[in-house]
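Take any residue in the sequence shown, note its place counting from 1, add 5, and you have its number in our numbering.
Taking it in order: structure first as structure tokens, then the write-up.
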Amino acid sequence: MGGRPPSSRVMALLVALLPLVALAGVTAKHPDKGSQERSFVIDYDNNQFLKDGRPFRYVSGSIHYFRVLPSEWRDRLRKMRMAGFNALQTYVEWASHEPEYGMYDFSGMRNLTHFLTIAQEEDLVVILRLGPYMDAERDMGGFPYWLLNKNPDMRLRSSDPTYLKYVDIWFRDVLLPIVKPLLYENGGPIIMLQVENEYGSYPDCDFAYTSHLRDLVVAGVGKGPVLFTTDGDGKNYLKCGKIPEVYATVDFGSGTNAIKAFEIMRLFEPRGPLVNSEYYPGWLDHWGVPHNTVKAEVVAKTLDVMLALNASVNMYMFHGGTSFGFTAGSNLGNRFQACPTSYDYDAPLSEAGDPTEKYWVLRNVTGKYLPLPPGEVPPASPKFGYGKVSLAPTGSVFQMADLLQKVTNKWPLTFEELLVPNGIVVYQTVLPFRIADPARLTLGDIHDRGYVFVDTEFAGMVSREQDMYDLAIYARPNQTITIVVESQGRICFGSQINDFKGITTNVTLSDHTLEGWTMTPLPITHTSRLQNALTRLHSWAVAQNIPPLGLLGTNKGGMTFFSGSFQVPGDSSHPRDTFLRLDGWNKGVAWVNNFCLGRYWPEVGPQVTLYVPRGVLHQGTNTLVLLEQEAAPCLTPDTCHATLQETHIINGPTPL
């Protein structure tokens, strides 16, 4: 069975002989088809890829290694292969591998080589998106935050020499030496390498920069792999996104007229295979906005059209996974919008890796064009509700801050100046003068959410999300004004990815500029440091004989750490995936067994529960820690609990 015969218009798009034109420096490759060497090239004469001398078309899916526990990599990749997909596409996230300058990490969830090796073992070739920028709804689009510390005026994604200095080190000395042995020509799975990402959507249009990246990649891995770019299906995107000697591809979602989209691609690549490098089966979410879904039939219809055109297609995402910890990014359109912890994306595999209805519908389409592997599709992983987890306060943010190292400065410093990657910083200053009653506290800007206290009494909130930057307070001389600032994730797309966090301007009170600031970063982004701080906090509370209610940060239980434990049965069917539900809790961060699940915010949705993968659990006693920022149901011990349940809720009610 196949699709309808292509129209004459489509035939012209695919196979008609075009006038000889300059191919922007891209040389057509004609491999020796009798050669036994591994090769992957573009056959410009016949508008196709050639793999080992034979026509090849890929249907790939995006799965990000940094969003899935290593124990689940093979399961997710095998399920994708069993859907008929023959390739994996993934980004490389610079920030994951160099979280602090000069400190490299390729272990655990960051073990890129292991992930790609498993893909090869599961009969998948690999399309690797090198960056250095990626977007992917990750903090700062995958850039390491410390770039903003090295030079606050650095122009990211440009030929700014300071920026290129660090890109060159990362690519030349670290990443490309890892990639080269994994190339298809060297026996590995990688057939294609993407240079930058959707650069045509960035305002700079700096061809010196993108050409520099191309040359850097070629110098590091040679001319063997196919280099490509990805941009939206519009002339203005490709005008700045296309790089000489790099194959230009497009991206678009379901419902798009694929023929017209590929005609735009043909303006920049007159010959060669048609490629949609990001075909969207769903879409991203933001806190406070309804969960995005796309009907399976709509996704299948456009996929069928593209495959009937002999196009190669990558599905972004095939499995979205989870932005664990503080890795979720944000967007800035008409207003600032933070991304939730879940990256479900309404993808064919759910956040927990289970085949959805969409999986089976798309598998049927793929099976019309590519052979489906023999065997059964792996089943959904078993889930378990471990029940109620009783929690008790461990101590407040203010009590912890008193025990931690501080930084003082005349003016407030940003997270980046403090070398704080993310999370929360406590800003404090003592009021030296008498003010009006009430007085207006004004922050010219706040990145992103600030809780204002006079001494330890909650006075109000400022919010970038809601464009609220001032409030009236009542204070007297020698009282302490505290602003607890939360980063909700750096902007990941567009011209404002240089997104500094914290208090980014001076603070005024009744038009008087406040000076003499003390800043205390909470160590919540580093597991070992957090555990040390919680241990010190507990020891202090015991020594001071503080009662439970005395450990609450506010009278509603906000700005407080809570902890508890639960049991996982000892039989061979456990541990299993489960989901953390926090009814009565407002906003905060959760850890299970010292693994940061990420941010929760059920009060605004759409994500209500947090995914707890089985890989972070163990048989016996497991621990749960919460940092609740706003309000907890803990004024009485019998109501202070969370629940681990069998079902995931990512489409809960929202204000909008």
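Glycine included, each C-beta is placed from N, C-alpha and C at the ideal position.
Please read all numbers here as calculations on a predicted model, not as lab measurements.
Here the alpha carbons of Val630 and Met159 stand approximately 38 Å from one another. For Trp288, no beta strand (DSSP E) segment is defined, and its DSSP state is neither H nor E. Within the region 114-149, the complete alpha helix (DSSP H) segments of 4 residues or longer fall at 117-126, listed in chain order. Runs of the beta strand (DSSP E) spanning 3 or more residues and lying entirely within the region 463-515 occur at 475-478, 485-491 and 512-514, in chain order. Ala385 and Gly358 have their C-alpha atoms some 7 Å from each other. Residue pairing from DSSP leaves Lys415 without any beta-bridge partner.
By the neighbour-count definition (other C-beta atoms within 10 Å, threshold 16), Phe438 is an exposed residue. Less than 8 Å divides the Cβ of Glu421 from the Cβ of Asn154.
Under the three-pair Cβ rule at 8 Å, the region 312-325 counts as touching the region 267-282.
A straight line joining the alpha-carbon of Thr641 with that of Asn550 spans about 19 Å.
Per DSSP, Thr167 is one residue of the alpha helix (DSSP H) stretching across Pro166 to Asp173.
With a contact defined as Cβ atoms closer than 8 Å, Tyr204 and Ser164 miss out at about 12 Å. In this structure, DSSP gives Asp158 a state outside helix and strand, which the three-state scheme calls coil. The Cβ atoms of Val64 and Phe90 lie closer than 8 Å to each other.
Put simply, the region 495-509 does not touch the region 475-485. Fewer than three CB pairs are less than 8 Å apart.
Assignment of Asp576 by DSSP, reduced to helix, strand and coil, places it in the coil class. When rounded, the separation of the alpha-carbon atoms in Ser282 and Thr235 is 6 Å. With respect to Asn537, Trp416 sits apart: the two C-beta atoms are not nearer than 8 Å. Ala595 carries a strand assignment under DSSP once its states are collapsed to helix, strand and coil. Assigned with DSSP and collapsed to three states, Ala636 falls in strand. Within the same chain, Cβ atoms closer than 6 Å to the Cβ of Thr525 are found at Ala406, Leu409, Lys411 and Val431, the five residues on either side in sequence being excluded. The beta carbon of Gly455 sits closer than 6 Å to those of Val467, Ile488 and Val490, all from its chain and outside the five residues before and after it, given in chain order.
In the DSSP assignment, Tyr364 falls within the unbroken alpha helix (DSSP H) covering Glu362 to Thr371. Around the C-beta of Gly521, fewer than 16 other C-beta atoms lie within 10 Å, and the residue is accordingly described as exposed. Straight across, the Cα-Cα distance linking Ala444 with Tyr474 is about 14 Å. When C-beta atoms of the region 549-567 are compared with those of the region 394-403, three or more pairs fall below 8 Å, so the two segments count as touching.
In the structure shown, Leu424 adopts coil according to DSSP, grouped into three states. Separation of the CB atoms of Val294 and Thr659 is rounded to 6 Å, and the pair is thereby assigned contact status at 8 Å. Counting only the Cα atoms, His579 lies some 32 Å from Thr298.
Judged by their CB atoms, Val382 and Pro360 are nearer to each other than the 8 Å cut-off.
Taking the C-beta atoms as reference points, Pro137 is found nearer than 8 Å to Phe148. For the 8 Å CB-CB criterion, Phe341 and Thr419 do not form a contact. Cys210 has its alpha-carbon roughly 54 Å from the corresponding atom of Cys639. Linking Lys170 to Asn202 through their CA atoms gives a straight-line distance of about 19 Å.
By the neighbour-count criterion, in which a residue is buried when 16 or more other Cβ atoms sit within 10 angstroms of its Cβ, Ala224 is exposed. Look at Ser386 here: in three-state DSSP terms it is coil, with no helix or strand label.
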